[in-house]
Amino acid sequence: MKRYHKILYTTLLISATMFMNSCKKLLEEHPQSSIVPSFFNSPAGVLGGISGVYNDIRSAWGTEGFSAQMVAGTDEHLAGASASSLPLYNYNGLNSSTVEGWWNTAYTDINTLNGVLQYGQSIDLPDATRKQYLAQAKFLRAFWYFNLVQFFGDVPLHITFITAPSQADSRQPVADVYAQIIKDLTEASADLPNTPTDPFLGKAATKPVALYLLAKVYLTRGWLNGTQTDFQQAWTIASGIITNKATYGLDLWADYGDAFVPANDYGKETMFVSDHSSDPKYGQYTVGGGAAGGGAQNLTPWFYIWNYPSNSGINSNKNGSGVLVNSGTSDMIRDAANGRPFIRTRPNSALIASGVNAGKRYLLDQAFVNRVNDSRYDNTFQKVWISNTAITNTAAAAGNTRGITYTMTPGVDTAIWIPDTEITGAPQFNGTTPFKGIIIPPSLWSNTYFPSVKKFMDPSRGANFNDPSTRPVVIYRFSDVYMIAAEAYFKDGKLTEAANMLNAVRQRSAFRKTNTAAQNTAAATALTITASDVTLDFILDERSREFFGEWQRWLDLVRTKSLLNRVTLWNPEAAPNIKPFHVLRPIPQTQIDRVVEGPAFPQNTGY
Amino acid sequence: MKLLLMRQSEKKTQTMLRLLSMILAFSVSAALTVIVPTNSLYAQTQKRTVKGHVSNEKGEAINGASVLIKGTATGVNTDAKGDYSIAVVGNSVLVISYVGYDAQEIRITAGMSSADVKLRLNDKELDQVIVIGYGTQRKKDVTGSVVSIKGETLREVPSPNLIAQLKGRTAGVDIVSNSATPGGSGQIRIRGNRTITSSSGSSDALDGPLLVVDGIPFGGSINDIAPDDVSSMEILKDASATAIYGARGAGGVILISTKRGRTGKAVLSYDAFHGISSVLGKYNVMNGADYSQFKTDAANYNRSNWPTSAGTSSYLLTQAEKDALAAGVSTDWQDLIYQNGFTTSHQIGLSGGSDGTQYGLSGGYYNETGIIPNQRFERYSLRSTIDHRVSKYVKIGLNTINTLSYSNTPGGGGVPSGLMRLTPLASPYNTDGTVNINPAIGSIDAATVSPLTLITKNASILARNRRLRSFNSLYGEVQIMDGLKYRLNVGLDYSQSNGNGYNGPLTYTNSATVQSSSNASVSNTESWSYNIQHIVSYNKVFNQKHRLDLTGLFEVTKDHSQSSGFNVTGVPADYIQSSNFGLASGQPTVSAGSFSESGLVSYMGRANYGYDNRYLLTATVRVDGSSNLSPGYQYFTYPAFAVGWNIANEKFMKSVNFVSTLKLRGGWGISGNRNVGAYATLGALTASTYNFGQSTSGNQLAYTVTSLANKSLTWQSTSQTNIGVDFGLLKNRITGSVEVYKQQTKDILLSVNLPASNGAGSTLKNLGKTEGSGIEVNLSSLNIQTRTGFTWSTDLNFYFNREKITQLTTEAEKENKGNGWFVGQPLSVIYDVRKIGIWQLSDSAKGLLAAQTSPLQYPGQIRAQDLNGDGKIDANDRQVLGNFQPQWEGGITNRFSYKGFDMSIVIFARMGMKVLVPYLTADGGAQGYPFYNQGRVNQLRTDYWTRTNATDAFPAPDAGTDRLLFGSTLGYQDGSFIKCRSINLGYEIPASVLKKTGISSFHFYVNVTNPFIIYAPFVRDGFGPDPEGNGYGGSVAAAGSDAGVPSRQISVNANNPSQRQFTIGVNVKF
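Chains as they are written, first to last, in this note's numbering: chain A, 1 to 607; chain B, 608 to 1677.
See below:
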């Protein structure tokens, strides 16, 4: 009995002490199969946070809804036959549901970056690496805030890491947001390397990219407030980048077209991109464009492509109203060279019926009016489709007015020609000569028939032509540095300097590889302008030529306070609906609905 | 009620009973051939007379007591003085019995001429000791709602697991089948659902009961316990009983006690059964001719571009089908695939012991094959227990349960849906006798591979899960002083499962034709947990009137689980299956791995006080601390108290003779749910990837903050009040209980949307509230006990539960349509437009059809109610159409015994609720795929509309659409049923016969499980073989709106139909 008591008490005592100690341990959590926020407090976490934001950027630039927000509802673009989010194109019933996605993404990223910046200060890292990480984070935070403030005006401004859920938030004045953006970019540009440096390879943020964005921020704020010092800052910084372009490894290609050759995607003219690749893990690529890649797929090449395989019947004809009606078998099938037709957005070639521009088309008679000396129209648009399937058209075939029987030779015969001038006899005759394919001159253009934008085409898709593009989406291109400088000089009253900057861009666009040196020189001379030519509209037209389809136009028009004016003048589909308040996008309704603590979250005026 | 209902399907019943009696007659005659020669050995002994006196516990004579020679029909009754006289032969056993008293047996040995007997009042029911949480208690002292069920009772229904055996057996325990693949157990709910959730998985985890085996919490599969190893099961239903399980008790607690050794001679036992199972019924699909007509009708009523579309269809009969129709081919694919399943169970046990040491050993084998080829569940079990008294004061014991189980379920539950839709106009075999591999050749479904490949290519399909489980409990008990005991319980549980899958090309599960499209998978899950309990108890009776029982507990639990999985394509040859990924042509890919550990630290105190066996008081408090919650929020307290009043023991009741026992109980308590998962309060980053540039050196892992953790999360908790009455009437010939309860659950986790500008879209908060209440009645009665030895007893239960949501995220939020949650409604409801018939030609003539402006409809289509009268049928016309909560449920078990024969019949009912039947709907996708669908595939035979059949039941088929307008409304049917769960007929060979065989008892039986359905409108209307359920969710969404029923809901899918099983078994003891 006694013996047992002894054993018992000893056991009890030992186990009691053991358990008291182990209790505390037992209630600690050590997750192993998920990444928890505290992981940020490590070098890999900080780097991963920055990479996560880059990944989110690629879920916006290159995707459908976002692309439409950047170019639709402007003087440059109209809706294609299969456009989604029509309100973005015509402002009819435009509401918050069209913008929600990237508002959420932007703030997810901002909070992630706030976490990176908080932990990045304290973790154990070599100083140079820390400097680089923090500079990246500051650049990216400014990048998102700059987009937010341009689209929405006053927005919530968070610069510390939020870890506790809150159902309250408020909008901060635009001035405060700009001040933070300028602070972040100033600091980032001081610490970022001149050229892409491991681990931020490719064309991630560098010093000139931060400076470029800073110049643009000053320019934008200058327009907003009319402050001369901002314009001065803008041209000072922009011209500084041009001065040091060799240091930064940046320059213009001699040929405008070379800027869009896949081989040059990471070349000297490219400043900042969102990357894609065919790697199934890191590029999130799936053959067939499956859903696994989610929103992070580059579908850019396809939005601007008309339905050439389905709507190019060889015996298409004009009906009584002069409208092109599809008829007969097409001699085009979908392939990688001509791209997957999404028919979302078309160049604005609407014939203006009345007003100062009556009888004009924005595309041909305003932006690209000089298509002889300026190579940019030819480098931007696809005009010719070579037959890629053999068909025979009999003279007796319904709708064949050519009077001949013939067979198309794939790879040789032109199946479709979309010329930029009127052709008599179109669609089946070139003048009086029977044309084996069809001709679609501007008078037959519609939301179904239009020239495709070819800058972003990705022929490397091969047989998997429905796969997304693996080319990077070029967000900033070096020629914009000249254009920013030009605009800033112009606003600062320095028209000569502005003309010089514009000429740098224009003279380059005169270059064609097919021309002789003399022809190129002559063209360059013809395109050269003087100080007196520099007007706001000229600058905007120049931007249209230079950046057609490159995610710039809507913001360009908003910045220069030209949206209402230019859309009213040139966009007959949007003109009836656009109102002054449309210079800001609506705040997402979910944001408004979900702020249930504290003051209500106000919507932008007009929505 | 029961008799009334039985009459309704008398015919069916009689057929079944006739069949049963034939089987019985055969078995009995077989048995007799064994018995007769043995019996003749004893016939030679001489006859003599035995006399005696029978008295009750007070010594008073019992008049009319039955005195029977065991194993015979010979017997007499005692006279008014309690005396009897009976002639016996040789060594016989007399059975003396009287209503309300325990029967007694007396062995009459040679030379014995008299035997006096004192019968004891039968208060077995109320004097028995039952298991409660962390201890035992006399049943008469219990104040909570506790039901005790014996292992023998459960074994009346041969099943792979306890849950399946428990179905329909006790009030308040609702078990509904959710799968008919081998090893399926069913969904179990005690007193309804409490948690607002949309997933069936989390509903099971949060609303299902806690299982405790031999005192140790038992997670994981109930299939890991062989039912033969169970001696009893106690179900704790109300919070005053479950609060001592704190954060795990809200769903009720099932305490399972396994058999242990007993002092005495070693007993060797052998229990075995063998069964044949077949489908309860087939899905009633169209034959070849009907199918052809259906396609024609679908073309005729093509409304896509009416009227020009009339008569057109992309899915008319193919040439091969036309030829088959002309040749009279009509293949019933279900007949070709459904096969008989076989069930085998063997269990050998040895138990015995001396005063100091008791032991028990058992080994079992269970094998069940399904009605779908190659589907099986197999279990090997090995168990041993030892209890040893080291000294007067110290006792230790160990119980180890080890199981190895294999399940192989190629095709899973979903094979029948493929059988239903495959064209009947195709021969299953080619003329040379080989399988027609693509029976739908020439049609759009040409790639479909014949289901016969499930049989012919069985080596090319694998879906196997191997599970190894070792569940061990160890205890040590020390008697410190009189009444004071310390007990240490240690539970160690380890399980490992290993999944292997393979789908070869050109098999039913893989329609690809090339080997490179074969796919294989492997997965591994390892779990372990330990549980350590220190229990100090003090138990004493003071002054003979004050009974005090104190219990203190300190407990720690740790659970661990970890899993990984890999997939690969391009296995070069079928025989390799999943064995060597290295040989495959594809790169292995990873399925997300998981890791989870959680700890629980608990303290509990309980006091039971009883005064004079009349007044009872129980108070408990439990504190649980959990690692799943954030520091500062980790501990939660669960109080409970209950009182009881044994009214029958009051003086004033002494004169009320017909009441033998009467107890009033009342209790209140709080118990919880571990609704916050491990690591949920830490938050998680969304993991992704990015490539900086296009060379691999720029590849980076990427993370963003997408959800914000709520550190203040706490457990969901349920407070429950329970009032119950236990009674025994007519000397406990009728016993029973009635319970009334009401429960309120709060702090249910709901996702709250956050303004995105705060960096994340949502967070979890403890916001939801629900309520439930119900009544439960359990009755047992001894209806007839004759002196000839015939007894008839009945166990009856009746209950209902009413649950409702009382709050969503805010007071103002009255509905969450997306998830199907509505304040004031049960937790799963149907929210859809109401079908009020089919648009008839006459409606069109009357202009009714034209009055509906949207959508444009035609005669023959479903007519929905325009709730708001705006002439349009849209999402605004949706309404709550019903729910899945039965109006009442009940079960009745009748037992008959006569001499050595015993018979039990179990019947149970669930009445007055809807059932969701996705295969009667159509959405063009996976959910309603077989139905209508452009007239593309074969269908269930339905009463559908045509110009000459103006029915309101089913719409006309339409070759122009794969989703019928308002087709979702067809999926809500009456799910009521009354079913016979089992009929069991057994015979115990008399001890006298077995005497010299070395066998101490020999019982054999025949059983039929799920013999027939007594009442089910669903079956009557031809919608399917069984309304009970065999899957989850699958609700079809009306175009442009949310699914009509939450996906957590059990539904009747086109899955394996339920089965009827005939079993023959023996129980032998040596």
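Built from N, CA and C at the ideal position, the CB exists for glycine as well.
No experiment lies behind these values; they were computed from the predicted model shown.
- It is roughly 22 Å from the alpha-carbon of B:K1152 to the alpha-carbon of B:G742.
- Per DSSP, the continuous beta strand (DSSP E) segment holding B:Y1310 begins and ends at 1306-1312.
- Secondary structure of B:I1480 (DSSP, three-state): coil.
- Within the same chain, D904, A1563 come within 7 Å of B:T1553 by CB-CB distance, once the 5 residues on both sides are set aside.
- For a Cβ distance threshold of 7 Å, nothing in chain B lies close to A:P451: the least Cβ distance comes to about 29 Å.
- Of all residues in the region 1032-1065 of chain B, none has a C-beta nearer than 9 Å to a C-beta of chain A.
- Leaving aside the five residues that flank B:G1641 on each side, the residues in its chain whose CB is nearer than 6 Å to its CB run, in chain order, P1525, Q1534, S1658, N1660.
- A straight line joining the alpha-carbon of B:T1227 with that of B:T1158 spans about 9 Å.
- The residue from A:F511, A:E76, A:Y133, A:V99 with its alpha-carbon nearest to that of A:I50 is A:Y133.
- DSSP, reduced to helix, strand and coil, places B:D1581 within a strand of the structure shown.
- Put simply, the CB of B:T915 is far from chain A, with every gap to its CB atoms at 9 Å or more.
- Taking each of B:T950, B:D962, B:A896 in turn and checking the Cα distance to B:D930, the smallest one comes out for B:A896.
- For the region 93-116 of chain A, the beta-carbon criterion of a distance under 9 Å to any beta-carbon of chain B is satisfied by E100, W103, N104, T105, A106, Y107, T108, D109, I110, N111, T112, N114, G115.
- Residue contact check for B:K1002 against chain A: no CB pair falls below 9 Å.
- Judged by DSSP secondary structure, A:Y218 falls within the alpha helix (DSSP H) whose first and last residues are 207-225.
- Taking C-beta separations shorter than 8 Å and ignoring five residues to either side along the sequence, the partners of B:S1124 in its chain run P1112, N1117, T1176, G1177, following chain order.
- With respect to the 9 Å criterion, B:T685 and B:N670 are classified as neighbours on the basis of their beta carbons.
- In the pairwise beta carbon analysis, the region 1328-1343 of chain B is classified as not touching the region 77-95 of chain A: fewer than three pairs are separated by under 8 Å.
- Contact of A:E28 with chain B is assigned, a C-beta pair being separated by under 9 Å.
- B:Y1109 has a beta carbon lying at 9 Å or more from every beta carbon in chain A.
- DSSP, reduced to helix, strand and coil, places B:A1623 outside both helices and strands of the structure shown, so it counts as coil.
- The beta-carbon of A:L201 is placed less than 9 Å from the nearest beta-carbon of chain B.
- Where A:I484 is concerned, the enclosing alpha helix (DSSP H) starts and stops at 479-491.
- The continuous alpha helix (DSSP H) containing A:F143 extends over residues 127-152.
- Look at A:R585: its C-beta is not under 9 Å from any C-beta on chain B.
- Among the CB atoms of chain A, one or more fall inside 9 Å of the CB of B:F1202.
- Partner residues in the beta bridge of B:A1214, as assigned by DSSP, are B:L1157, B:A1226.
- The region 1500-1518 of chain B makes contact with the region 1401-1415 of chain B: 3 or more CB pairs, one atom from each, lie closer than 8 Å.
- Contact of B:Y1310 with chain A is assigned, a C-beta pair being separated by under 9 Å.
- For A:G65, the closest Cβ of chain B is not nearer than 9 Å.
- When the alpha-carbon of B:N1146 is set against those of B:V1673, B:D1089, B:S1136, B:S1170, the nearest one is in B:D1089.
- Less than 9 Å divides the Cβ of B:E1420 from the Cβ of B:Q1414.
- Taking a 10 Å sphere around the C-beta of B:F1625, we find 16 or more other C-beta atoms and assign the residue as buried.
- Closer than 9 Å to the CB of A:G153 there is not a single CB belonging to chain B.
- Fully enclosed beta strand (DSSP E) runs of no fewer than 3 residues occupy 837-843, 860-865, 871-886 of the region 836-888 of chain B, in order along the chain.
- Residue range 654-662 is occupied by the beta strand (DSSP E) that includes B:S662.
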